[in-house]
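In full-length UniProt numbering, the protein residues as written are 1 to 72. Note that beta-carbon positions come from the ideal geometry of N, C-alpha and C, so glycine has one too.
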């Protein structure tokens, strides 16, 4: 029997108990601990370690500035 969604990859940062499905998820998570924020907002000076966090920020704070992607 194969187990799905087993969290095998534990963050090795001191006092962090987070675990992840993949090593790449763990690597992205460690960027938060290290203060690495490669994703910059083009509308303000905010930076984020994860692209989805940047997109959430832009949708919330810069909705009117985002390019229109509708095909009317």
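For residue 22, the three-state DSSP class (helix, strand or coil): Numbered from its first residue, the chain shown carries residue 22 at position 22. DSSP places residue 22 in coil when its eight states are reduced to three.
Helix, strand or coil for residue 62? Go by DSSP, reduced to three states. For the purposes of this step, residue 62 is taken as the residue at position 62 of the chain shown. It is coil, neither helix nor strand.
Please state whether DSSP places residue 53 in a helix, a strand or coil. Here residue 53 corresponds to residue number 53 of the chain shown, with the count starting at 1. Assignment of residue 53 by DSSP, reduced to helix, strand and coil, places it in the helix class.
Could you tell me whether the region 30-48 touches the region 1-16, where touching means 3 or more Cβ pairs closer than 8 Å? Touching, yes, given that three or more Cβ pairs across the two stretches are closer than 8 Å.
Buried or exposed: where does residue 7 fall if 16 or more other Cβ atoms within 10 Å of its Cβ makes it buried? Reading the chain shown from its first residue, position 7 is the one you call residue 7. Around the beta carbon of residue 7, fewer than 16 other beta carbons lie within 10 angstroms, which makes this residue exposed.
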